[in-house]
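Residue numbers (this note's numbering): 8 to 309. Working notes, structure below.
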Ligand code: NAP
C-alpha cells in the first residue's frame, strides 16, 4: 500500500499537465471595441458631424513615431479624420503651445493627443494642460483627472480604461478582489488605482512602487497583478499567486525585441490569466483612445 501510494505520488507529479494561463488577447478585444467606435462615428457622420483626431508629435523618437502611426491607423479604420502635426525637436515651448492652441480652435479637431514624452527641455505637463479639456482624447488633462477623482464623467486615461475593458470582456471579477498595481505614474498606475478601486469595480487596491519593501511578497497577495514598472522580465513566478490574473503593461525594447515586465514563459504556468506583450494592453490603449475621441465628438454634438 505504501508503495502504491508512493508510486501514485510520483506518477501524479510526472503526469500532471502543466496548467497554463488563459491568454487575454488585447488584440481581440480591441478589434471589437474599435468596430463599435466605427459604428458610433458613422452615426455622427450621418448627422453631418465629422470626428477628427489630431496628434502632436515633437522630435523624432522612433518609439513615439510608431505609437503615433498606429493611432492614425486606428483612427482612419474607424472613420475618424486624422490630423498629423509634427514639430522638430528644436522647437520652443511657445511653439508647441501655439500649435495646441491652433488645434483647440480648429473645428475639424474633436479630439487631440500630445504624444509624450516631449524631448528634453520641453514641458509635457504644460502641453497637456494647454489642450482644451473638451478635446482631451488622452484623458490626461488635470481637469479630467480631477473629474476622475470625483467619479464624474470624463474621458479616462487610455491605458487604465483599456485594462478595465479587457478584464470586463473576459469576465474577470474585480469586486472584493485584491489588486496590486506596481507603478504610480500619472499615465498608468495612479489613474488605474482610482478605476480599480471605484464604486462598482470594488477591488481593494495596493499601489506598489520602487520603494516598496518585499515586492514579491506584496505581489503574491494579488488576485489581479498589474505590472507597470518598465522593468523587463522583472516579475517572475515568485511574484505571482497561483491562479492570479497578470496584466502586463510594460513595453520594453530589449535585444530580444519587445518584452513586458512579466517573465511570460515562467508566469504563464502559475497565473490563471495573463496578457501577452505585444498584443495585450497596447492594443487596448489605442482602442480606448478611439472610444474617448468618439465620445468627445458625441458630447459636442449634444
Ligand atoms: P514610469 O513613469 O517610468 O513609472 C514607472 C513606475 O514603476 C514608477 O512608479 C516606479 O516607481 C515604478 N518602478 C520602477 N521600477 C520599479 C521596481 N524595480 N520595483 C517596483 N516599482 C518600480 O512609467 P509608465 O509611464 O507608468 O510606464 C510603465 C511601463 O508601461 C513602461 O514600460 C511603459 O513603456 C509601459 N507603458 C505601456 C503602455 C501600453 O499601452 N501598454 C502605456 C503606457 C506605458 P517610483 O515612482 O518609485 O519611481
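Don't be surprised by glycine CBs; every beta carbon is placed ideally from N, CA and C.
Extent of the continuous alpha helix (DSSP H) to which residue i belongs
i	result
residue 153	149-156
residue 40	33-53
residue 58	No alpha helix (DSSP H) holds residue 58; DSSP gives it neither H nor E.
residue 289	288-308
residue 176	165-176
residue 179	Here residue 179 belongs to no alpha helix (DSSP H), and DSSP marks it neither H nor E.
residue 196	196-203
residue 103	100-112
In DSSP terms, what residue i is bridged to
i	result
residue 7	The shown model of the chain, from 8 to 309, leaves out residue 7, and the question about it has no answer.
residue 93	64
residue 276	Note: residue 276 sits in no beta bridge, so no partner.
residue 215	189
residue 265	260
residue 118	60
residue 129	DSSP output for residue 129 lists no bridge partner at all.
residue 73	Note: residue 73 sits in no beta bridge, so no partner.
residue 242	269
residue 281	30 and 253
residue 225	Residue 225 pairs with nothing; no bridge assigned.
residue 88	59
Expected contact under 8 angstroms - CB spacing of residue i and residue j to nearest Å
i	j	result
residue 274	residue 244	6 angstroms
residue 144	residue 160	So it is not a contact: roughly 15 angstroms between Cβ atoms.
residue 259	residue 239	4 angstroms
residue 196	residue 235	5 angstroms
residue 89	residue 79	4 angstroms
residue 86	residue 45	6 angstroms
residue 210	residue 248	Contact flag wrong, Cβ pair sits at about 15 angstroms.
residue 28	residue 237	Actually they are not in contact, since the Cβ atoms of residue 28 and residue 237 sit about 22 angstroms apart, beyond 8 angstroms.
residue 142	residue 103	Between residue 103 and residue 142 the Cβ distance is about 16 angstroms, and since that is not below 8 angstroms, they are no contact.
residue 204	residue 212	4 angstroms
residue 51	residue 40	Actually they do not touch by this definition, with Cβ atoms about 17 angstroms apart.
residue 251	residue 229	6 angstroms
residue 246	residue 31	18 angstroms between Cβ atoms; not a contact.
residue 56	residue 221	Not quite, the Cβ-Cβ distance comes to about 53 angstroms (not below 8 angstroms), so this is no contact.
residue 33	residue 286	6 angstroms
Extent of the continuous beta strand (DSSP E) to which residue i belongs
i	result
residue 138	Per DSSP, residue 138 belongs to no beta strand (DSSP E) and is neither H nor E.
Cβ pair count under 8 angstroms reaching 3, the segment 86-96 against the segment 150-159: no
Below 8 angstroms, how does it come out for the segment 46-63 and the segment 190-207: are there three or more Cβ pairs, yes or no? no
When the Cβ atoms of the segment 43-57 are set against those of the segment 287-303, are three or more pairs found closer than 8 angstroms? With three or more CB-CB distances shorter than 8 angstroms, the segment 43-57 counts as touching the segment 287-303.
Does the pairing of the segment 165-175 with the segment 133-143 give three or more beta-carbon distances under 8 angstroms? no
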